[in-house]
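**Q** So the number in our numbering is just where the residue sits in the sequence shown, counting from 1, plus 476.
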Amino acid sequence: MIPRPDLLTDRSPKGVEVFQLTTETDVPSSHIYMEAQIFTPDSRRLVLHRSATPHGSDKDDPKHRYLVCDLANGCTLTPITNELGATGPSISPDGQWLYYFVNETKLGGGRLTLKRVHLDGTGRETLIVLDRPIPGTRYWPTQIYPLSTISSDGERIAISCFLGDGKTAGAPWGLLVFDIARAEVRLILEGPSWCNVHPQYCRSRDRGASHDILIQENHDNQCDALGNEILLVGGAGADIHVIRDDGTRFRDMPWGRDGNEFCQGHQCWIGRSERAITSTGTNDVDERQLIAGRAAPPAGHKGKLTPGGWRNDLSRRFPKPDFYHFATDIAGKRFITDSGPALGSNTYLAELPDDQNAPLENFVVLCCPRSTWKGEAHTHPFLSPDGRVGFFNSDESGILQAYMARGW
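So this is what it looks like as structure tokens:
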């Protein structure tokens, strides 16, 4: 890794250090999208990837690798996969395993394989091979989403996919849940508006809440018969829901769809709580806010107007909030976010107060990633589980790289 004090600002707290973790000048590298569970619970190791972007990788790219970054050993990077098509990584809640998929799917055929391996590269196992239609359906999965999500008890892992046959317009997308112990797969959600699901298991250890998955719906999206995106968000925009991993208890999050507020498309749970945060935009004024919410009974996709929907504007102390992507620590106390030009395109740290109805507190500028934000160069900051180390991406060097900040 390379020290990068030049990415600090005159507003950065004293003692903060920034490092560039990946250094290849001819192959881009990045952190995995920040909602993924890619950290060991002791905050000592995480997984990132080379020949990839924050939004995923090409399944046919032979250069793509997942890498284990050992923070306790000088941030050394060790390849842990070498299969073509490796995707959707999740570290088990006990930190013992890296689960990942191997995508060899194709329209009307192919196979999707769930594997796991110890983080030292030993004990690699093939757990489930899906080389036929999804049980109970006529669908073959393809266009596998680059993010998986694992339940807080480590028993189930979910990933989304395209369900089309390559001929049918308006074909559905779906969400698959893999029962690890039983080696079973089931389709719990399907429809044409689930093209960008962003599935995230609730990290609560409560037995009931551990089955809840936060999901994103993109109303009026358009894809061709091959599953290629033509239009991601229509006039009604995206809204966010929660569903139990057996396909029941569909609920609404009280965000967007009121004619003014709209969901930008990033959200995450607050630590192990049953509350979540989304980033919203507004049409009446040019702002991008951070809104906390809690799931309510379904009311017909009314978003912000959902009856009984609890909300809290976390960014209301800013005269002109301009936030996009963010994450919390596992305790739900520390918060990290990127910002747009209105706030200097800096990365901010803040604190979530004990009062659930209060705004974020103690905002400080951590650093300035200097990313161009062009193409896939989103900074996507996130925290280690203990909240002591932050991570982001940037193409400030001319090529996408992964970075780390610490020392607060």
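Don't be surprised by glycine CBs; every beta carbon is placed ideally from N, CA and C. All of these numbers come straight from a predicted model, not from anything done at the bench.
Pair every Cβ in the segment 658-676 with every Cβ in the segment 606-617, then say whether three or more of these pairs are closer than 8 Å.
**A** Yes, since at least three Cβ pairs between the segment 658-676 and the segment 606-617 fall closer than 8 Å, the two stretches touch.
**Q** Can you name the start and end residues of the beta strand (DSSP E) that Ile-604 belongs to?
**A** Run containing Ile-604: 601-606, per the beta strand (DSSP E) assignment.
**Q** What's the call for Pro-622, buried or exposed, on a 16-neighbour Cβ count within 10 Å?
**A** It is buried - the Cβ of Pro-622 has at least 16 other Cβ atoms within 10 Å.
**Q** Check His-777 in the structure and name its three-state DSSP category.
**A** Coil.
**Q** Are there 16 or more other CB atoms within 10 angstroms of the CB of Thr-848, so buried, or fewer, so exposed?
**A** Exposed.
**Q** Could you check if Leu-707 is buried or exposed, using at least 16 other CB atoms within 10 Å of its CB as the buried criterion?
**A** Exposed, because fewer than 16 other Cβ atoms sit within 10 Å of the Cβ of Leu-707.
**Q** Tell me whether the beta-carbon of Cys-637 lies closer than 8 Å to the beta-carbon of Pro-617.
**A** Yes; because the gap between Cβ atoms is below 8 Å, this pair is in contact.
**Q** How far does the beta strand (DSSP E) with Ala-421 in it reach, from first residue to last?
**A** Residue 421 is absent from the structure shown; the chain starts at 477 and stops at 884.
**Q** Mind checking Glu-837: buried by the 16 CB within 10 Å criterion, or exposed?
**A** With fewer than 16 other Cβ atoms within 10 Å, it is exposed.
**Q** Tell me which residue opens and which closes the beta strand (DSSP E) that Glu-464 is part of.
**A** No answer is possible for residue 464: the residues shown for the chain start at 477 and end at 884.
**Q** Output needed for Val-761: all residues of its chain with C-beta closer than 7 Å, excluding positions within five of it in sequence on either side, in chain order.
**A** So the list is empty, once near-sequence residues are dropped.
**Q** Note the first and the last residue of the continuous beta strand (DSSP E) segment covering Glu-666.
**A** Here the beta strand (DSSP E) through Glu-666 covers 660-667.
**Q** Find out if the Cβ-Cβ distance for the pair Lys-535, Thr-557 is shorter than 8 Å.
**A** In this structure, Thr-557 does not lie closer than 8 Å to Lys-535 by Cβ.
**Q** Identify every residue that forms a DSSP beta bridge with Phe-495.
**A** Phe-495 is bridged to Pro-479 and Met-880.
**Q** When you compare only the Cα positions, how much space is there between Leu-859 and Asp-722?
**A** Roughly 30 Å separates the two Cα atoms.
**Q** If you compare alpha carbons, which of Gly-747, Gly-784, Glu-852 and Ala-818 is closest to Glu-827?
**A** Checked all of Gly-747, Gly-784, Glu-852 and Ala-818; the closest Cα to Glu-827 is Gly-747.
**Q** I want to know whether the segment 648-660 touches the segment 678-686 - three or more CB-CB distances under 8 Å.
**A** Judged by Cβ distances under 8 Å, the segment 648-660 makes no contact with the segment 678-686, as fewer than three pairs qualify.
**Q** What's the C-alpha gap between Gly-816 and Gly-599?
**A** One C-alpha to the other measures close to 44 Å.
**Q** Suppose contacts are defined by Cβ-Cβ distances below 8 Å. Is Ala-881 in contact with Glu-493 by that definition?
**A** Yes.
**Q** Indicate whether Ala-772 and Thr-782 have their beta-carbon atoms separated by less than 8 Å.
**A** Yes.
**Q** List, from N- to C-terminal side, the beta strand (DSSP E) runs of 3 residues or more that fit wholly inside the segment 624-657.
**A** Listed in chain order, the complete beta strand (DSSP E) runs (minimum 3 residues) inside the segment 624-657 are 624-626, 632-638 and 649-655.
**Q** For Leu-547, which residues of its own chain have a beta-carbon under 6 Å away from its beta-carbon, when the five flanking residues on both sides are left out?
**A** The answer, listed in chain order, is Arg-520.
**Q** Output the distance between the C-alpha atoms of Asp-696 and Val-865, rounded to the nearest integer angstrom.
**A** Distance between the alpha carbons of Asp-696 and Val-865: 39 Å.
**Q** What does DSSP give as the partner residues of Leu-819 in its beta bridges?
**A** Answer by DSSP bridge pairing: none, since Leu-819 is not bridged.
**Q** Which residue from Pro-530, Glu-500, Gln-513 and Arg-487 puts its Cα closest to that of Ser-506?
**A** Checking every option, the nearest Cα to that of Ser-506 belongs to Pro-530.
**Q** Closest by CA to Tyr-879, which one among Gln-698, Phe-868 and Val-544?
**A** Of the listed residues, the one whose Cα sits closest to Tyr-879 is Phe-868.
**Q** Starting from Ala-528, trace the beta strand (DSSP E) in both directions and tell me its first and last residue.
**A** Here Ala-528 belongs to no beta strand (DSSP E), and DSSP marks it neither H nor E.
**Q** In chain order, what residues of the same chain have a beta carbon less than 6 Å from the beta carbon of Gly-630, not counting five sequence neighbours either side?
**A** So the list reads Ser-568 and Pro-569, once near-sequence residues are dropped.
**Q** Tell me which residues share the same chain as Val-593 and place their Cβ nearer than 6 Å to its Cβ, disregarding the 5 neighbours each side in the sequence.
**A** Hits under 6 Å: Leu-574 and Arg-600.
**Q** Asn-833: buried (16+ other C-beta within 10 angstroms of its C-beta) or exposed?
**A** Counting Cβ neighbours within 10 Å, Asn-833 comes out exposed, since fewer than 16 surround it.
**Q** Answer yes if the segment 732-749 comes into contact with the segment 792-812, meaning at least three C-beta pairs across the two stretches below 8 Å, and no otherwise.
**A** Contact holds: three or more Cβ-Cβ distances are below 8 Å.
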